[in-house]
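Before any comments, here is the structure.
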Amino acid sequence: MGKIKKIFRYDNVGILFVLPAFVYMLIFVGYPIIRNVILSFQDVTAANLVRGDKTFILFDNYRELFADSVFVTSLFNTLRYTVLCLVFQFVIGFLLALFFNQRFSFARPVRGILLVPWMIPVTVTALMFRLLFATDIGVINYILRSLHLIGENIEWLTTPGTAMFALICANVWIGIPFNMILISTGLTTIPKELYESASIDGANKIETFFHITLPLLKPTIESVLILGFIYTFKVYDLVYVMTSGGPVNSTHMLSTYSYKLSFEMFKYSKGSAVANVLLVILLIVGVFYIKATTKGEEEE
Amino acid sequence: MKKKRVISLLAVLAMTIGMLTGCGSSAQTQDGAKPEESGGEAQDSPADASAEAEGNGGEAVTIWYYWETEGHQVALDQVIQEYNASQDTYEVTAKYVPFADFKKQLSIGASADELPDIAILDSPDHASYVEMGIFEDLTGKFDVSSYYEGTVNSCTVDGKLYGIPFGANCLALYYNEDLLTAAGCKVPETWDELMDAAKALTTDSVTGLALCSVQNEEGTFNFVPWLWSTGATSYDINNENGIRALTFIQNLINEGVMSKECINWTQGDVMNQFISGNVAMMENGPWQIPTMQAEAPDLNWKVTLIPKDSQYASVLGGENYAVINGGNVDGALDFLTYATSEEKVKFLMDKFGYISADKMIAENQFEADSPYTPFVEELNYAMPRGPLAEWPGVSDAISLAFNQVITGTATPEDAAAGAQATIDGIVK
Amino acid sequence: MNEEKKVTKKKNILLSVTALLLLCVLLFPLYWAFITSLKTEQEIFQNPPTFYPHILNLKSYAAQVETGDFNMFRSFANSFLISLGATVIAVLLAVPASYGIAKYRFKARKGMLLSFLVTQMLPVSVLLTPMFIMFKNMHVYNTWISAVLADATIGIPFSVLILKNYFASIPKDLEEAAYLDGCNRFTAFVRILIPIAKPGVMVCAIFSFLYAWGDLAYGMTFILDQEKRPITAGIFNFMGQYGTKWSYLTAFAVVTIIPVALIFIFMQKYIVSGMTSGAVKG
């Protein structure tokens, strides 16, 4: 009797609210994750995908991957790309959120319209940026030329370093509204009385920002960054349409390389192994996030 | 005011839920009617439903293909309609799966045991799927003795026939005759002449030559004629010949007679550049001809053999029919017997801008002055890629090497050595 | 930062002008796509480029309406249906889940939060095959339901993570006041907490909708019939068919953007105010 009561203690009731969503995700994504781990330890290619034995070769796929220069490139590409995108889109998004949080005539409508880049399917965005960054007909080259910043057209998408830059630009463009709107919504949760009392206390804007806005926005910022990290880290559509991993594999990401191995080269197990490397890295980031966000909560 | 908004929001929510459950139940009834077959379409619109009802009620036979060109789709559809009207045992339906998705869909379909009855696939991939074990052995069921050897080889594994060539194509050199005359060049036959012509043709607004160089099978398709022309093979690149081919391509870029942008141009893009007059010569296939004739009727162009280094060479392209085992094999065979008859082949080839894989048909397929005729001649020099189950790996190495020299990220020597190392790892 | 304080007139003008400038810079790619779609191919290749179409060319739009199997309007309807379905599932499941995570300290909480994140950590490429097998067994393969179910898996974890901060920021005494009024936990959640968290719910609904709207891989893989596929699948047809024929491609882009943008602009009053109207008013 006492035990049952304990299970239905106030806090444990909460699990009932979470369970439906949890079960849903478990059904649809849990099985793929487990299957993928198993697949990555096997030797599945075209020859034994349908018939024949699937042998467990344990870590051989992973060992081979780390000797594969394209894999190593895509690993570092993914990290570099994610960090750079995140920094730019977060900072710009944050500044815009603060800017539009002021009460002036156009604040709301303009902020609303700025969301439009987020509504465009990524494949379409990728096409648009391919046009902007085109060598001969690209308007970006034209503008840079007119400003005398460059003498000759830059071959953005056919030179390894600049192709990465173009990808980052496109992603930041998509990411700015994402960051802006989530931080804007976060700002609304801060009680206005706090600002009022701060201004009575004679605090200036910068002080209120660091002492009130930032600390109270912390949970929102953490969520935005972790989500941004995860979604940027597994970028696929954008790279696939803009560069397909080229030129000469210089913009391959873990996700695009995993796709290529699985569905173009028929190396299913290796493709899974790449995906799992991606998963493990994100898992580490995720654990840090949970640790940071739930620290000190228990005592409340 | 605020309350009103909440109410309207709830109303919308209720409506959507209503919609969801409403549609959900109609989907339920579909489930009973085998949703993976065409029965699921009934809900879409009355027009569709009646179109479905017009079917002859025979056993379903499905085809997957990847041609996005409308003319191709219409032509295939016409043959299917005629077949369906000619008998009532089987009813064939064709589904378009985009090329970029085709391999993925077949791989996933194979894992999930959800495949069509016939697949019309790119010939270099054929061997991989045979190895997967999803294709029916067709040995002795079709007479392919009069077909081009290369096309039959592409669907033969260990002496067994696992497919029927749909049609053949190969690459050749298109040139803009007006530009060539204006520049005072003769039609190039060798690499040196090609280089000279390209230099003479290149101006501020026109580049001399373009060939699709994307880093995938499409790029490989466009590279191997140059590789093979030197005497190198797909599996043996790190030698004088292979390096010469890579160096030639590199020189085209360095001399400015071919644009680096080619690495982002598909064969369709190359054709568009050609008909817009931005490019004076291009390597491309015969399937572009119908589009070119329709979109640029005034452009004065001709086709010739790809200029040679030590020998003429081209690459064999095209699709094969394959029958999936475990599916409706009898229906598939029946349809294929119909579709590979001389009359239907002629019709399809004509609409596709392809050359029949059947030599007997191909030789009389075109008039002497037809733009297709050079392709029939080129076909004699065309070799298939593979057939090899691991061809995608070899192809990847080749297209990488060519892209490295185009982008200047590796010397021809290093690119050749790199490709060879990968290929040796595959073909031991 | 001082939301309630209206700015002075001079500052208002200055800020408004800045806002419009920002708008121009950030939306320039869209403008460029739009004018490119109205140019002729020759003009697109013209150097220096033109910043408005000198010769108006509407041909590229005519080509969008119907090509082969692909029907623009039906694709839109499909996309809309799929996105709406995914949104409803995501919101219905994520709202209570985020509330549970924010307001209750049960044991499995951290683990559950982490598992929501983990579900987003696999690239789409390796999810496709197992999901395909599942949908086939559920007999929803090649129906829009499969795309709805798959797309909802993007929206749920996202919404849980964003909404949990919302519920957490609602003071406990509000909830307790509701109990005093005779509410139980469930009715308090529905009557008091959800209305307060409305901006957050709105944002989650919008994002879930847009994730589903932009999805390509699921719609392409699980739905084989052209007439049931979402609009994003049409991009593949166009890319294959027209390569880099920019007038056609950008016209397609514009056509895909306009309906969503219109819906958004018409509903802006509700969406934006829903998202940012003062949440916690004590």
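Just so you know, the sequences run in chain order A, B and C.
Each residue of the first sequence is one higher than the one before, starting from 1 at the first, in the numbering used here.
Each residue of the second sequence is one higher than the one before, starting from 301 at the first, in the numbering used here.
Each residue of the third sequence is one higher than the one before, starting from 729 at the first, in the numbering used here.
Even glycine gets a Cβ: it sits at the ideal position worked out from N, Cα and C.
Reduced DSSP category for residue i - H, G, I as helix; E, B as strand; rest coil
| i | result |
| --- | --- |
| B:G508 | strand |
| B:L501 | helix |
| A:T293 | helix |
| A:I206 | helix |
| B:Q381 | helix |
| B:L461 | strand |
| A:Y268 | helix |
| C:F779 | coil |
| C:F992 | helix |
| B:A632 | helix |
| A:M25 | helix |
| C:N806 | helix |
| B:N551 | helix |
| C:F762 | helix |
Own chain partners of residue i with C-beta closer than 6 Å, once the 5 adjacent residues on each side are dropped
| i | result |
| --- | --- |
| A:L187 | N101 |
| B:N476 | A580, W601 |
| B:Y612 | L605, Y681 |
| C:I922 | none |
| C:I991 | none |
| C:V868 | S874 |
| B:I723 | Y535, V694, A697 |
Listed by chain order, chain A residues near residue i by CB distance under 8 Å
| i | result |
| --- | --- |
| B:N522 | None at all; the shortest Cβ gap to chain A is about 15 Å. |
| C:P923 | Those do not exist, as C:P923 stays about 14 Å from chain A at its closest Cβ, beyond 8 Å. |
| B:L700 | V248, N249 |
Chain-ordered neighbours of residue i on chain A, where CB pairs are closer than 9 Å
| i | result |
| --- | --- |
| B:L501 | Chain A residues near B:L501: none, gap ~17 Å exceeds 9 Å. |
Beta-bridge partners of residue i, as assigned by DSSP
| i | result |
| --- | --- |
| B:G617 | B:N469 |
| B:E391 | B:A360 |
| B:V579 | B:T507 |
C-beta contact flag for residue i and residue j at 8 Å
| i | j | result |
| --- | --- | --- |
| A:H252 | A:S74 | yes |
| A:P177 | C:T960 | no |
| A:A166 | A:F129 | yes |
| A:V110 | C:L751 | yes |
| A:L334 | C:L944 | Here chain A covers residues 1 to 300 and nothing more, so residue 334 of chain A does not appear. |
| B:F435 | B:A682 | no |
| B:F402 | B:E368 | no |
| B:I537 | B:A689 | no |
| A:I33 | A:D43 | no |
| C:A979 | C:Y780 | no |
| B:A545 | B:L527 | yes |
| A:A107 | A:M180 | no |
Contacts of residue i in chain B (Cβ-Cβ under 7 Å)
| i | result |
| --- | --- |
| C:K864 | A412, E414 |
| A:G246 | Q515, I563, N703 |
| C:M948 | D401 |
Per-residue contacts from residue i into chain C (C-beta, under 8 Å)
| i | result |
| --- | --- |
| A:S255 | P851, V852, S853 |
| B:K395 | L952, D953, Q954 |
Interface partners of residue i on chain A, CB under 7 Å
| i | result |
| --- | --- |
| C:M897 | Position check: residue 897 of chain C holds Ser in this sequence, whereas Met was assumed. Ordered by position in chain A, the residues that pass the 7 Å Cβ test against C:S897 are T189. |
| C:S744 | F104, S105, F106 |
| C:Y894 | T189 |
Chain-order list of residues whose beta-carbon lies under 7 Å from that of residue i (same chain, five-residue window excluded)
| i | result |
| --- | --- |
| A:F288 | none |
| B:K334 | In this prediction, B:K334 has a pLDDT of 36, which is less than 50 and means its spatial position is unreliable; what the coordinates show is noted afterwards. Closer than 7 Å at Cβ, skipping near neighbours: no residue. |
| A:I284 | none |
| C:D953 | N870 |
| B:V392 | V361, I363, I380, Y383, N384, F635 |
| B:D331 | Its pLDDT being 36, under 50, B:D331 is placed unreliably in this model, and the coordinates cannot settle the point. |
| C:T949 | L856, F860 |
| C:M729 | Residue confidence is low: C:M729 scores 43 on pLDDT, short of 50, so the model does not pin down where it sits. No coordinate-derived value is stated. |
| C:G839 | none |
Nonlocal neighbours in the same chain, by C-beta distance under 8 Å from residue i, ignoring five residues either side
| i | result |
| --- | --- |
| A:E64 | K270 |
| A:L49 | F266, Y268 |
Contact set between residue i and chain C, taken where Cβ atoms lie within less than 7 Å
| i | result |
| --- | --- |
| B:I399 | Position check: residue 399 of chain B holds Phe in this sequence, whereas Ile was assumed. Near B:F399 (Cβ distances below 7 Å), the residues of chain C are G968. |
| A:V122 | G942 |
| A:V18 | A825, G828, I829, M840 |
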